[in-house]
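Report on the following structure.
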Amino acid sequence: MNKKKREMRQARRAAKQEQQAKKVINWIVGVLIVLAIALIVTFMLRWA
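At the far end of the sequence shown sits residue 289, using the numbering used here, and the numbering has no gaps.
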């Protein structure tokens, strides 16, 4: 009984960590996209 509870807790914790990791990755990708767009706009304005 105790072993099952522990396994459930570990699984829940692992799922929560996985969700947080996905959030962090999404934030990083979003920031990179925004920076890329900013660089593109900067270069277009400079050469126009």
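Where is the CB? At the ideal position from N, CA and C, for every residue including glycine.
Quick one: which unbroken alpha helix (DSSP H) runs of 4-plus residues sit fully inside the stretch 251-279? Chain order, please.
-> List check, alpha helix (DSSP H) in window: nothing returned.
Backbone secondary structure at Met-242 - three-state DSSP | Met-242 falls in the coil class under three-state DSSP.
Cα-Cα separation, Val-272 to Ile-266 | When only Cα atoms are considered, Val-272 and Ile-266 end up about 10 angstroms apart.
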